[in-house]
Amino acid sequence: MQIAVTAALIALVLGGLLGLYRRPFERFAGLRYLHRTENRSRSRRLHVGMGVAALTGLGALGVFLLVRGHSRTVETVAIVAVLAAGLAFVLLLLLRLFSVFTTVSTMGVVLGVTSLIVVLAVTSGFQREFQNKVLALNAHLIVIPYGDVDVDSVEADEIEAKLRDLPGVVRRAKFLFSAGEVMVGNVGANLKGIDLGQGADDLRRALVEGAVEDLAKPASCAVAGTTLAGGGGRVDAAGRIILGAELAHRLRLKVGDCVSIMVPFSNAGDAAPPSFLFKVVGRFQMGFNEYDTRLAYVSLQDARKLATARQSVFGVELRFADPQQAIPMAKEVRRLLDGPYRVVDWQELNHNLFTALKMQKVIISLLLVLIILVAAFNIIASLTMIVLSKVREIAIMKSMGAPSAMLARLFLVAGTSVGGVGTVLGIACGLMVCGLAQLYGYPLDPKVYLIGQLPVDIAPREIVAVAAATLAICVLATLYPSLRASRMRAVDGLRYN
82 MQIAVTAALI
92 ALVLGGLLGL
102 YRRPFERFAG
112 LRYLHRTENR
122 SRSRRLHVGM
132 GVAALTGLGA
142 LGVFLLVRGH
152 SRTVETVAIV
162 AVLAAGLAFV
172 LLLLLRLFSV
182 FTTVSTMGVV
192 LGVTSLIVVL
202 AVTSGFQREF
212 QNKVLALNAH
222 LIVIPYGDVD
232 VDSVEADEIE
242 AKLRDLPGVV
252 RRAKFLFSAG
262 EVMVGNVGAN
272 LKGIDLGQGA
282 DDLRRALVEG
292 AVEDLAKPAS
302 CAVAGTTLAG
312 GGGRVDAAGR
322 IILGAELAHR
332 LRLKVGDCVS
342 IMVPFSNAGD
352 AAPPSFLFKV
362 VGRFQMGFNE
372 YDTRLAYVSL
382 QDARKLATAR
392 QSVFGVELRF
402 ADPQQAIPMA
412 KEVRRLLDGP
422 YRVVDWQELN
432 HNLFTALKMQ
442 KVIISLLLVL
452 IILVAAFNII
462 ASLTMIVLSK
472 VREIAIMKSM
482 GAPSAMLARL
492 FLVAGTSVGG
502 VGTVLGIACG
512 LMVCGLAQLY
522 GYPLDPKVYL
532 IGQLPVDIAP
542 REIVAVAAAT
552 LAICVLATLY
562 PSLRASRMRA
572 VDGLRYN
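With this note's numbering, the residue at position 249 of the sequence shown is 330, and numbering never jumps.
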């Protein structure tokens, strides 16, 4: 629906513009009204200024590329210099082409479009990064049976059998997930038990130390004191665990160390919560702070030990070739299972996160559209001033038989030219800012933003939508002064001139 509306809007705007610019007289006269008065000395100064701005920007970009990765301060100064030089070049170019009043109107459009392009690229980047991080360690579709279902039960095998021929599925795997946090050392975390044969691919890609296969190898831990193993010695039946990098850092653990896992609110009914010894066999890092600080992986075999002390959530996770395919496929999964199962796709699993990102994107975009609306009022004021200054010329054309529609089209050409030039330059400036942001790699606090660097994702459809909306607003802004010019009487212009 959104694509159809955007396409219809683009077709309408382009069709109207082509109809306007096909008429040579209206095109010539409308553009002439926007041009500044010719002054060779001023033109020479503007050309020199444009050359200096271009050389400054290119030089600053060269400095940035030379010192990249060596001096953050110099990188920052160079990026600021490139942005300032680019803005100065655009301003001088507009002053070379248009009058000062028209330049102000056009710069409003340029800044509005640039802001929209940059904000949409950044918000789309956040959506992309969060989606990638979420999908990196989460399946696209999760099936969770209601009630107490064991991972080795007949019902668990039946679920996998029914979903075996589901189209688009590239992986099926059983898992166990702790029903609430457990204490890993002195830090609360979640444990996920995975099938090492089918469900370890995502973890394998995120490992920075160790190997997934180590979760199946025998492990032993030396024990001191009397809390475990009855007063020292060695526990040969220790579990194996892979920690998130930040979780391991907080616990000051490295591969080969042992950690005690305590299960609060257990089903054992003991006065003290049961605890288990686990050996750290690896670390993973996703760059997503929520996972790196609060998640750990164990094998299904070790997860069963914890399940005896506290009920874990059992489920079957499905991964598709295309994540978007999982959303409509959820209905098909419910139909195939036909029982008391909960089927959750990746968007529903992270509904609050993606809804917040979408609302943030829409609201910020609407606020920034105000900049374009202000520029549209500047266009109205600029064209109105042109109409008032061209009363005599309008009266002469009227007296020579020029129809009112011709005069209206003449000023429509002038207004849409301002919008068109501003849109093109705004898109160019927006793409430049986005490119520089990607090169610079603006750092973010992962504890606040969950990712470590400002993400930028340029979507062509959003650029086209911004261009179409901006041109539509600019065309609407030209209607009033164009209609005012077309309704002027020849006698009014000749009477005072």
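Note that beta-carbon positions come from the ideal geometry of N, C-alpha and C, so glycine has one too.
Buried or exposed by the 16-neighbour rule on C-beta atoms within 10 Å, applied to residue i
| i | result |
| --- | --- |
| Met481 | exposed |
| Asn267 | exposed |
| Phe258 | buried |
| Ser196 | buried |
| Phe357 | buried |
| Leu115 | buried |
| Phe616 | There is no way to answer for residue 616, as the model of the chain reaches only from 82 to 578. |
| Tyr372 | buried |
| Asn433 | exposed |
| Leu464 | buried |
| Arg121 | exposed |
| Asp383 | buried |
| Ile444 | exposed |
| Ser301 | exposed |
| Ala546 | buried |
| Pro409 | exposed |
| Ser393 | buried |
| Met478 | buried |
Residue i in three-state terms, based on DSSP
| i | result |
| --- | --- |
| His151 | coil |
| Gly306 | Since pLDDT at Gly306 reaches only 48, below the 50 mark, its modelled position is unreliable, and the value read off the structure follows with that caveat. It is coil, neither helix nor strand. |
| Arg286 | helix |
| Tyr378 | strand |
| Glu398 | strand |
| Met264 | strand |
| Gly501 | helix |
| Arg364 | strand |
| Leu244 | coil |
| Ala300 | coil |
| Tyr422 | strand |
| Ser393 | strand |
| Ser356 | strand |
| Gly130 | helix |
| Phe207 | helix |
| Ser234 | coil |
| Lys335 | coil |
| Gly280 | coil |
| Phe258 | strand |
6 Å CB neighbourhood of residue i in its chain, flanking five on each side removed
| i | result |
| --- | --- |
| Gly138 | Val163, Ala166 and Gly167 |
| Leu506 | Val171 and Val191 |
| Tyr102 | Arg108 |
| Ala550 | none |
| Pro226 | Tyr422 |
Which residues DSSP lists as bridging residue i, in chain order
| i | result |
| --- | --- |
| Gln534 | Pro524 |
| His581 | Outside the shown range of the chain (82 to 578) lies residue 581, about which nothing can therefore be said. |
| Pro105 | Bridge partners of Pro105: none, in fact. |
| Cys515 | None; Cys515 has no bridge partner. |
| Arg252 | Arg400 |
| Met343 | Met264 and Ser356 |
| Arg121 | Answer is none; Arg121 lacks a bridge partner. |
Own chain residues within Cβ distance below 7 Å of residue i, not counting five before or after
| i | result |
| --- | --- |
| Gly533 | Gly368, Pro524, Leu525 and Pro527 |
| Ala386 | Checking the displayed sequence, the identity of residue 386 turns out to be Lys instead of Ala. Once the five neighbours on either side are set aside, the close Cβ partners of Lys386 are Gly320 and Phe357. |
| Ala270 | Glu262, Val263, Leu328, Arg375, Leu376 and Ala377 |
| Gly511 | Val194, Thr195, Ile198 and Val199 |
Cβ-based neighbour list, residue i, same chain, cut-off 8 Å, excluding 5 preceding and 5 following
| i | result |
| --- | --- |
| Val185 | Asn459 and Ser463 |
| Leu449 | Gly193, Ser196, Leu197 and Val200 |
Which full runs of the alpha helix (DSSP H) of 4+ residues lie inside the stretch 538-573, going along the chain? 541-567
Could you pull out every unbroken beta strand (DSSP E) segment of at least 3 residues lying fully inside the stretch 441-512, listed in chain order? none
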